[in-house]
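So for the sequence shown, my numbering puts the first residue at 284; every next one is plus one. No residue lacks a Cβ here, since even glycine has one placed at the ideal position from N, Cα and C.
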Amino acid sequence: MISIEITIFGIVQGVGFRPFIYNLARKYNIKGYVKNVDSNLLILAQHKDSKKISYFISDIKDSPPKNAKISDIKISKIALKNTFYNFIIKKSDNTNECFLDSAIPLDLSICKECLKELNDKNNKRFNYAFINCINCGPRYSIIDSLPYDRERTSMNKFIMCESCKNEYDDILDRRFHAQPNSCNKCGINLKIYDKFNNEFSSDIFKMLSLLLSQNKILAIKGIGGFNLLCSVNFETISILRERKKRERKPFAIMFRDITQVKRYFDISIFEENLLLSSHSPIVLLKNPKIKFPYNLSFNLNTFGVIIAYSPLHKLIFKYRKTPLIFTSANISNGVLIKDKDEAFEKIGHIFDYLLDYDREILNVIDDSLQVILGDNKALLLRSGRGLYPLFLKTNFYSNDVILALGAHQKSQISIFYKKNIIISPYIGDLNSIDVIFRMQQNIEFLLKTYNLTPNIILRDCHNLYESSKIASNLAKKYNAKIYKIYHHRAHFYSNLVDNNLLNSDNILGVIFDGTGLGEDKDIQRIWGGEFFIKQNNTLKRILHFSYFPLLGGDNAIKDIKKVALGVLFSVYDNDIPSILKHKFENIDIFYQMYKQGINSPQTSSIGRIFDCIAFFCGLEYQNFDGESGGYIESLYDKKIKQFYKYEINNDEISFSLMIKSMICDLKESNYKTLIASKFINTLTDLILNIALKYKINVIFSGGVFANKVLCDRIIYEFKKHKKHKIKYFMHNNIPPNDSGISIGQIGAFINNDVLEIE
């Protein structure tokens, strides 16, 4: 008798892998067992025919469950005296050992089979808002610990009825070992409350439809937290904006299904596939066929679109024929809310009615946000539901447990141990106690889940970032060493990790973002318009944009008028062109600040140049992060082919000629479109020419490369010049913005590009 032990790593729990192995073993008459061990899957297979075992292993590798992802398989022949006479699913094991070798199960959107049952009057789960099976439903959001079994989730208090238990035990059933299995009889209960906390128990989804038709704002408990839903009309959107203190930032729109999306938008097959994927993200779309209310997105021409992805959302649309505003239930820039009491306390002034259920959300997670670029690949902009926590297998090894804390904005954390990395979902900007607490929760959850204790902590070089303060506290708690990584180097390495290029050399990196402490020895400057080269395993900055003063420091980021004035000072000194001079107040005071260096740090940031150009094009102030870039993107006209002149002197790229030409273009009737288009074309031309000079592969990182128009122009030009055989690498599974900093810090550590703190 041949005995084989097989350990499978990756996304192997919560995806129906044990039932799959069970049925595969029956097919080949394999004896033994399968069980979850920590975050992995362990199989003991016995058969006297080695060919049967080979077929069994081949099928596992070639045809795993559709939502599974195998990162590694270890197979070993073992000597066993005892013989198995059947094949069983054994109870899971938790070894309490340190491990980081497989993924945490991810939340999945409703599958076609469950959707069909949801609408079948003869099915016991007809209109059951929490229908699920091995192919869909909540996972990460309800997990307390691994291995993934019902008793270690927030489903543990719900006892399956006899019918559900029979399904759970039936090897031929789609719910065989589906951990969140339940039905109307034994499952989760829904309740509606008004803003005074009065409970209603009428036909819930008919009531919700009626309330929406009356322009009420609803707080709905979803898979990963509460969302706000309301009708897509000017009046209701205005009320929502006023209550939420969200002046101009666009709202996403939720649609019933893909058919409804196509009635409103022209979409590509790639956008359609992304909308219909198992993680069902918000996808940024253009080209609406129908005019939406102006206050949905104001001057921006990009719309966030999502399809109803949970059975609860599907039931809301059962009595609803038109799309809905869909936005996170929080105060602007706050954390997503996960329970009723917190909702009444923090956003009770926003909603009119609240829909709650009695299964606890253990891990809050936002919806993922993606856009399709010109090469038909998806760019991830927010790491959320269905994609994160992200498990990565590397070619590197560390005996140390390394915890990377990222930067300050768009916070995410990463952990590296042995050969593997786990990255948390999007957390948020560390500007409030709530977000800081959420970050600490993510750290504790991942360390507890994998039974790890960090002995090395990585942080940004900016000492005032909240993440740097947290690093100091954690270092004391765990007696860990701290290493600092420069911000823009972390961006560079984040792309290398994302594209599996960490072992590669001779790479040009274009790092454009809004902020981040530079590496200047003489004075602290803010970088953000940088070109690096990695050669001989060493990273060196070779070019950067000219520095200009950021009048008012970090506070100037929203006041883009000050950003523009700083740029103009750097080009014209105090002789501001008359066509713009009337737009500024207190020029002499700001000029003295500039000359004396008072609260006017020097910056090379392209993100701030975007702010300046947006101001030239009519945007008076920036209401939310990224508005300037979105505004320029909306003005871009691909029919305009011209670009501005620029100069490269030694290692410095001067934008003076570009700014002076823009001032001339302000006199044109179409100056907004002209300036925005030529600016994007200029950046593209500059990048292309530098790439052609060095003739090595190019990577792109930093928040500026969340701009679809800029990315698309770069992709177009690189394809047009493909004869030079220069490959380009945009981000894929890791965002180009500061959400990627923590994984970039790990990349820098692997590359020994860190500064140690004593």
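Nearest neighbour of R665 by Cα position, chosen from N1035, H1014 and G470, turns out to be H1014. Take K764, set aside five residues on each side of it, and the residues of its chain with a beta-carbon closer than 8 angstroms to its own are N738, I739, I740, A758, E1039 and I1040, in chain order. Distance from the CA atom of Y368 to the CA atom of L501, rounded to whole angstroms, is 56 angstroms. When C-beta atoms of the region 951–968 are compared with those of the region 851–870, fewer than three pairs fall below 8 angstroms, so the two segments do not count as touching. Between E288 and the set I358, Y709, K572 and F873, the nearest pair of CA atoms involves I358.
Excluding its 5 nearest sequence neighbours in each direction, I958 has C-beta neighbours in its own chain below 7 angstroms: I896, F899, C900, M945 and D948, listed in chain order. Taken in chain order, the complete beta strand (DSSP E) segments of 3 or more residues contained in the region 731–801 are 739–743, 764–768 and 790–795.
The C-beta separation of K976 from F926 comes to about 17 angstroms, leaving the pair out of contact by the 8 angstroms criterion. For the region 681–713, the continuous beta strand (DSSP E) assignments of 3+ residues that do not extend past its boundaries occur at 697–706, in sequence order. The region 386–435 is shown to contain whole alpha helix (DSSP H) runs of 4 or more residues at 395–401, in chain order. E749 is classed as buried because its beta carbon has at least 16 other beta carbons within 10 Å across all chains shown.
Of the candidates V544, V684, E910 and P606, V684 places its Cα closest to the Cα of L730. Fewer than three pairs of CB atoms, one per stretch, sit closer than 8 angstroms, so the region 690–698 makes no contact with the region 651–659.
For R665, DSSP records a beta bridge to L652.
Per DSSP, C513 is one residue of the beta strand (DSSP E) stretching across F509 to S514.
C447 sits buried, since 16 or more C-beta atoms from the chains shown fall within 10 Å of its C-beta. Inter-segment contact for the region 605–613 and the region 629–649 is present: three or more beta-carbon pairs are separated by less than 8 angstroms. For the beta strand (DSSP E) assignment, the uninterrupted runs of no fewer than 3 residues enclosed by the region 519–595 are, from N- to C-terminal side, 535–538, 565–568 and 586–590. Restricting attention to Y476, K344 and S561, the CA atom closest to the CA of L391 is found in S561. Here D796 is actually not in contact with G1023; their C-beta atoms are around 10 angstroms apart, not less than 8 angstroms.
With contact defined as three or more Cβ pairs closer than 8 angstroms, the region 1028–1035 and the region 718–736 are not in contact. Sorting L966, I889 and D894 by C-alpha distance to the C-alpha of K924 places L966 at the top. Listed as beta-bridge partners of Q885 by DSSP are P832.
DSSP places D477 in the strand class (E or B) of the three-state scheme. Cβ-Cβ distances below 6 angstroms link C381 to N734 and L735 in the same chain, with the five nearest sequence neighbours on each side left out; the list follows chain order. With a beta-carbon spacing of about 10 angstroms, A461 and C397 fall beyond the 8 angstroms limit used to define contacts. Segment contact: the region 462–482 against the region 427–443, three or more CB-CB distances shorter than 8 angstroms; contact assigned. For V320, the enclosing beta strand (DSSP E) stretches over residues K314 to V320. DSSP assignment within the region 897–925 yields the following whole alpha helix (DSSP H) runs of 4 residues or more, N-terminal first: 910–918.
In the DSSP assignment, E482 is bridged to Y476.
Rounded to whole angstroms, D856 and L848 show a C-alpha spacing of 10 angstroms.
Rounded to the nearest whole angstrom, the C-alpha separation of R526 and F852 is 39 angstroms. If you draw a straight line from the Cα of E930 to the Cα of M941, it is about 9 angstroms long. For G657, no beta strand (DSSP E) encloses it, and the DSSP letter there is neither H nor E. Taken in chain order, the whole alpha helix (DSSP H) runs of length 4 or more contained in the region 321–354 are 333–345.
Exclusion of the five residues before and after L675 leaves I704 as the residues of its chain whose Cβ lies within less than 6 angstroms of its Cβ.
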